Amino acid sequence: MDTHQTTLSSEEGLLSKLTVAIDSWLPFSLQYFDVTSLPHTSLVALLFLGFVYLIYYLTRPLNIFIDLTGEKSDKFFKLPAKNDSMAKDLLVSRLRRDPDAKKLPLYPNGWFRILESWELGLEKVKYVAALGENFAVFRKSDGKVHVVDAYCPHLGANMGIGGSVKNGCLECPFHGWQFDGETGKCRNIPYAKKIPEFAKVRTWKSVEVNHIIFVWYHADGEEPSYEIQPFADIMDGSYTYKGRFEYLMDAHAEDVFQNFADNEHINCIHAPRMFMTGADLEGSKRKWLSYFTNLTQLTQWELDADLPHKSWGRNEVHIKLFNRITIIKSNVLARNIGPGYIELTQSTSLGNTRYTMCFTPVAPLTLRLTTRLYMRPFTILFGPIALHGLKNAFEEDIMVWNYGKVRAQQNIIKEDGSVAHFRRWYSQFYSKSSPSINCQDTIY
């Protein structure tokens with residue numbers, strides 16, 4: 001065998017290995033292609049495409065949704081299998097045992113997310129159940145969003161399901177009645193000459209800001225007492241969207257929101273296994289994990305001096321290797337705006353991030369949590385790490401919320417001072433008319 005043949009044989013072996021490697025990364029199979037027959041320029045182009053796809057795969061925006069209500073929660077947290085959901089059984093028994101639970105207000109007054117902007121296209125309609133209400137949300141051809149009661153006053157059809165946008169109005173799919181999104185009045189009945197007085201739906205104030213559609217809810221029907229302002233870093237394009245996660249859980253909005261004022265729970269539940277074990281709560285008992293990553297955190301929580309609907313949280317986090325060497329330092333500023341929305345500004349040694357977090361009560365003790373992540377373009381590789389780290393931390397908390405005590409009078413010690421301050425601040429968002437729990441009506 002001459003030198004040329006030996007070299008060719010070696011190249012064929014190398015190219016064969018490259019074929020397997022590339023095929024494992026690309027979203028399509030290369031088994032029908034003979035790489036050894038391709039010109040060198042084609043091979044380089046193929047490798048380049050593979051590299052481009054790899055970068056895309058690592059930096060693509062993530063979209064994660066997990067339903068952790070009822071039996072789905074039991075399975076996710078690997079609890080013993082049984083006929084009925086342990087989460088629901090615990091919820092019912094807690095409500096029956098705890099007399100204070102009957103006084104539990106369910107829905108705070110304020111602005112709440114019902115959709116994200118990308119979910120509602122031009123002249124599209126969506127049905128949304130939230131805050132114990134049923135909404136039909138539609139966007140007109142000029143981009144304006146309107147929110148009305150979902151049920152048609154005619155024969156009760158759900159206009160959010162099968163409805164359409166016609167002539168700038170929401171058209172009922174059942175008989176074609178058309179309703180104005182501003183006034184709620186019926187503008188047209190295709191087979192009638194006169195429009196009756198009852199032909200009107202309730203309208204809800206809404207605003208679209210920071211790529212989120214919010215609805216104003218108030219148990220007493222009062223007008224909005226504050227506004228949600230544009231998040232400058234997001235709206236001016238200096239930070240780009242890098243992903244989201246969304247959870248449904250069996251929890252009360254106040255308990256979840258309180259996390260940002262509760263420093264000690266972080267050092268207890270999150271510190272031993274940051275980024276590692278997620279929902280495996282028992283992993284916190286595995287002491288060996290703390291030798292790899294651990295964290296310490298200092299939290300400050302304070303009221304806004306000028307705006308009563310706003311509070312602030314400041315966190316300094318040190319993620320340590322072998323519990324000694326700080327490998328990541330993070331400073332977080334949380335702007336708590338009303339009872340259902342938070343803006344986070346995070347600065348770390350790996351990159352800076354911006355988050356929006358929304359806490360929307362769906363039904364009694366059912367909560368939807370949505371988080372959106374934004375980063376500067378040159379730190380996009382840090383995005384998946386940041387998102388999954390926060391996601392894991394929330395899953396650890398959700399196990400506690402789903403199976404814990406329904407919020408009642410809290411037993412707080414002096415060292416829990418920030419939690420007590422938070423509770424007093426949050427109580428302003430309830431009113432005497434705020435709906436409360438009725439076991440017979442809301443659980444079964």
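Going left to right, the sequence shown walks through residues 1 to 444 as the UniProt record's numbering numbers them. From the three backbone atoms N, C-alpha and C, an ideal C-beta is built for every residue, glycine too. Keep in mind the model is a prediction, meaning the values are calculated, not measured.
Helix, strand or coil: how does DSSP classify residue 197 here? coil
Close-in-space but distant-in-sequence residues of the same chain around residue 124 (CB under 8 angstroms, 5 per side omitted): 138, 139, 165
For the alpha helix (DSSP H) that contains residue 390, what are its first and last residues? 383-403
Could you give the C-beta distance for residue 338 and residue 113, rounded to a whole number, given that I count them as a contact under 8 angstroms? With a Cβ gap of about 11 angstroms, residue 338 and residue 113 do not count as contacting.
Three or more beta-carbon pairs under 8 angstroms between the stretch 240-254 and the stretch 369-378, yes or no? Verdict: yes, contact present.
In whole angstroms, what is the alpha-carbon distance linking residue 258 and residue 414? For residue 258 and residue 414, the distance between alpha carbons rounds to 17 angstroms.
Using C-beta distances below 7 angstroms, list every residue in its chain close to residue 131, excluding the 5 sequence neighbours before and after it, in chain order. Cβ contact annotation for residue 131 (same chain, cutoff 7 angstroms, sequence separation greater than five): 107, 112, 217, 361, in chain order.
Alpha carbon to alpha carbon, what distance is there between residue 402 and residue 428? 25 angstroms
If you draw a straight line from the alpha carbon of residue 231 to that of residue 190, how long is it in whole angstroms? 44 angstroms
Using 8 angstroms as the threshold, is the stretch 203-214 in touch with the stretch 167-184, meaning 3 or more CB pairs across them? The stretch 203-214 vs the stretch 167-184: in contact.
Leaving out five residues before and five after residue 434 in sequence, what residues of the same chain have Cβ atoms less than 6 angstroms from its Cβ? For residue 434, the CB contacts under 6 angstroms within the same chain, skipping 5 residues up- and downstream, are 105, 219 in chain order.
Beta-ladder partner(s) of residue 180, from DSSP: 169
Compare the C-alpha of residue 168 against each of 263, 363, 185 and name the closest. 185
In whole angstroms, what separates the C-alpha of residue 310 from that of residue 256? 17 angstroms
Please report the distance separating the alpha-carbon of residue 320 from that of residue 268. 15 angstroms
What residue range is occupied by the uninterrupted beta strand (DSSP E) comprising residue 114? 110-116
I think residue 160 touches residue 135, with their Cβ atoms under 8 angstroms apart; what is that distance to the nearest whole Å? 7 angstroms
Around the Cβ of residue 375, are there at least 16 other Cβ atoms within 10 angstroms (buried) or fewer (exposed)? With 16 or more Cβ atoms within 10 Å of its Cβ, residue 375 is classed as buried.
Helix, strand or coil at residue 376 [DSSP, three-state]: coil
Exposure of residue 199, with buried meaning 16 or more beta-carbon neighbours within 10 Å: Classification of residue 199: buried, given that the 10 Å Cβ count is 16 or more.
How big is the Cα-Cα spacing for residue 163 and residue 378? 43 angstroms
Assigned secondary structure, residue 260 (DSSP; H/G/I helix, E/B strand, else coil): Reduced to three states, the DSSP call for residue 260 is helix.
Could you check whether residue 336 and residue 260 sit closer than 8 angstroms to each other, using their CB atoms as the reference points? The answer is yes: Cβ separation under 8 angstroms.
So, does the CB of residue 183 fall closer than 8 angstroms to a CB anywhere in chain B? In the displayed structure, chain B is absent; only one protein chain is listed.
Does DSSP put residue 146 in a helix, in a strand, or in coil? DSSP, reduced to helix, strand and coil, places residue 146 within a strand of the structure shown.
Residues sharing a beta bridge with residue 370, DSSP: 246, 358
With a threshold of 7 angstroms on Cβ separation, who are the neighbours of residue 243 within its own chain once the five nearest residues in sequence on each side are excluded? 61, 62, 63, 373, 383, 387
The alpha helix (DSSP H) spanning residue 251 covers which residue range? For residue 251, there is no enclosing alpha helix (DSSP H), as DSSP gives it neither H nor E.
Can you tell me whether DSSP reads residue 437 as helix, strand or coil? coil
Helix or strand or just coil, what does DSSP make of residue 152? coil
Using C-beta distances below 7 angstroms, list every residue in its chain close to residue 209, excluding the 5 sequence neighbours before and after it, in chain order. 228, 230
Locate the alpha helix (DSSP H) running through residue 67, then write down its first and last residues. Here residue 67 belongs to no alpha helix (DSSP H); instead the beta strand (DSSP E) covers 62-68.
Per-residue DSSP class, three states only, for residue 175: Residue 175 falls in the coil class under three-state DSSP.
Drop a sphere of 10 angstroms on the beta-carbon of residue 353, count the other beta-carbons inside from all chains shown, and report buried for 16 or more, exposed for fewer. By the Cβ-count criterion, residue 353 is buried, with 16 or more other Cβ atoms from all chains shown falling within 10 Å of its own Cβ.
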